[in-house]
Ligand code: NAD
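Residue numbers (the numbering used here): 509 to 992.
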């Protein structure tokens, strides 16, 4: 089988990168290379930015209603190709097909939101701010924006940004993950079919050098990054230094508190999905379970049974409920965490390290794993693992749970399971993560709400999606008028 070498999409055309430096895209269930991705040269990256810069003046003048019509066409094509894109996500990322479908649906919802741009982008006006003087605030696009995306939601995450950015009248350069850029190729094939003016949207494959070229380019006005926290912080610093707008979404360590009064059956189901869905490679995945008082006895065994019953396999196969992790290197990293947990004295009560997955001997599989008797100071309880490994900690009360959760430097998402409105309110009030679930295991904001964490999980101020994204992609100009 010939291996496809991926191309860039620049100025309305598919172009080969001349780069000799390449990476492999590997199907995680089979452990087989399925495509080759070029690490584009700085010159190629610069060309994409210049193209977007040159396309900006005419695109900005295109009425918002017309810009929205392109997005309606894009949405129709995404629906037509829905299954193909979802399948591609499973092939390149490993997640189970229904999880891929869910992620593509979430991406389409951002396109739907962005079609409302004629309303969303409106400004405001107040007559008589002083006698005979009126004041209006208008929103204007800024120029070229770029996105830099992670491996875990290869179709969805870039769609958090591009639709809204171009709906606002900006032009765009997307840099997909270098580990799994295939679904973005498919999505750009659809963008190619909606006949946008050349240069409005561009795709550049690459890694660190490509990213740094984007960050240093004075023609790029703003950058949206999603990935690990150390890179997110570096991106924030470097982009801010060159005067850009930045929203930089980082890693996570998500705590889930279970109160003794929670509905245990429903909580076990929701928390199992939170921790092991997408093989734990979700920035919203539950990672440390804080079991309050006798919630520990009520919850522990049913949860272990639920985790043990997950069926490892190829995400394309019917009946699979836990797919592989993304790469061999990532599997080794997660296994390293399990070793550290054991060395630190945690009790590995469910060990997924020797999985039996018939028919897929070379896949990057790891069974659901659970540590008990965990101390919050251990690496497994404090650092991001990003795999199907969960820690159980018995805590005395809500206060104790909150003290552990808020001591962690990450603050992406957290959830509480309870039947007490008072406990839920207290949790919402005091937890410092900014995506909070109450009897919800994956607190993923819909497209019309802001997506992003706080503390070490987010660098910037305006978050992805929702009205904040309109603020991010526009400048607000105020005009004060007096007519004699
Ligand atoms: P990553 O940081 O390794 O890579 C993200 C992107 O940055 C990729 O496009 C990569 O090519 C590029 N990159 C990598 N190293 C770089 C460097 N040194 N300089 C410049 N660019 C660089 O992240 P990943 O492993 O692809 O994704 C997983 C991480 O993303 C996890 O930490 C996860 O929590 C996080 N994530 C966060 C959110 C959120 O909403 N906060 C959502 C999804 C994923």
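Backbone N, C-alpha and C fix where the C-beta goes; we use that ideal spot for every residue, glycine too. Remember, predicted model here, so these are calculated numbers, not experimental data.
(request) Express the C-alpha separation of residue 872 and residue 529 in angstroms, rounding to a whole number. (result) 25 Å
(request) Could you please give me the residues that DSSP links to residue 755 through a beta bridge? (result) 732 and 968
(request) Any chance you could list the alpha helix (DSSP H) runs of at least 4 consecutive residues sitting entirely within the segment 785–873, in chain order? (result) 803–816 and 836–851
(request) Counting only the same chain and skipping the five closest in sequence on each side, list residues whose C-beta sits under 8 Å from that of residue 953. (result) 943, 959, 973 and 974
(request) Let me know if residue 564 comes out buried or exposed under the rule of 16 or more other beta-carbons within 10 Å of its beta-carbon. (result) buried
(request) Name the residue from 609, 665 and 697 whose alpha carbon lies nearest to the alpha carbon of residue 785. (result) 609
(request) Please determine, among 787, 804 and 778, the residue with the shortest C-alpha to C-alpha distance to residue 904. (result) 804
(request) Starting from residue 518, trace the alpha helix (DSSP H) both ways and give me its first and last residue. (result) Not the alpha helix (DSSP H): residue 518 falls in the beta strand (DSSP E), residues 516–518.
(request) Would you kindly report the start and end of the unbroken beta strand (DSSP E) that includes residue 535? (result) 530–535
(request) Run through the segment 679–720 for me and flag every whole beta strand (DSSP E) of 3 or more residues, listed as ranges in chain order. (result) 679–683 and 709–711
(message) Could you tell me the alpha carbon to alpha carbon distance between residue 718 and residue 850, rounded to whole angstroms?
(response) 39 Å
(message) If contacts are defined as beta-carbon pairs under 8 Å, then residue 568 and residue 649 qualify, I think. What distance do you get, rounded to the angstrom?
(response) 5 Å
(request) Please work out which residues of its chain come closer than 8 Å, Cβ to Cβ, to residue 845, disregarding the five sequence neighbours upstream and downstream, and give them in chain order. (result) 887, 888, 891, 893, 895 and 897
(message) Tell me the residue span of the beta strand (DSSP E) that contains residue 977.
(response) Looking at the DSSP string, residue 977 is not in any beta strand (DSSP E); the run it does join, the alpha helix (DSSP H), is 974–981.
(message) Taking the straight line between their C-alpha atoms, what separation do you get for residue 748 and residue 742?
(response) 10 Å
(message) For residue 847 and residue 513, I'd like the C-alpha separation in whole angstroms.
(response) 37 Å
(message) Here's the rule: buried if 16 or more other CB atoms are within 10 angstroms of the residue's CB, otherwise exposed. What is residue 633?
(response) exposed
(request) Using the DSSP secondary-structure output, state which residues sit across from residue 988 in a beta bridge. (result) 643
(request) Kindly give me the distance between the Cβ atoms of residue 579 and residue 671, rounded to whole angstroms, as I take these residues to be in contact under 8 Å. (result) 6 Å
(message) So, for residue 532: in the same chain, excluding its five sequence neighbours on each side, which residues have a beta-carbon less than 6 Å away from its beta-carbon?
(response) 541
(message) I'd like to confirm something about residue 673: is its beta-carbon nearer than 6 Å to some heavy atom of ligand 1, or not?
(response) no
(request) Could you tell me whether the Cβ atoms of residue 585 and residue 698 are closer together than 7 Å? (result) yes
(message) What would DSSP say about residue 877, mapped onto helix, strand or coil?
(response) strand
(message) Below 6 Å, is the gap between the Cβ of residue 477 and the nearest heavy atom of ligand 1?
(response) Residue numbering for the chain in the displayed model covers 509 to 992; residue 477 lies beyond these limits and cannot be assessed.
(request) Mark residue 937 as exposed unless 16 or more other C-beta atoms lie within 10 angstroms of its C-beta, in which case mark it buried. (result) exposed
(request) State yes or no: is the C-beta of residue 993 within less than 7 Å of the C-beta of residue 986? (result) Missing from the structure shown is residue 993; the chain here goes from 509 to 992 and no further.
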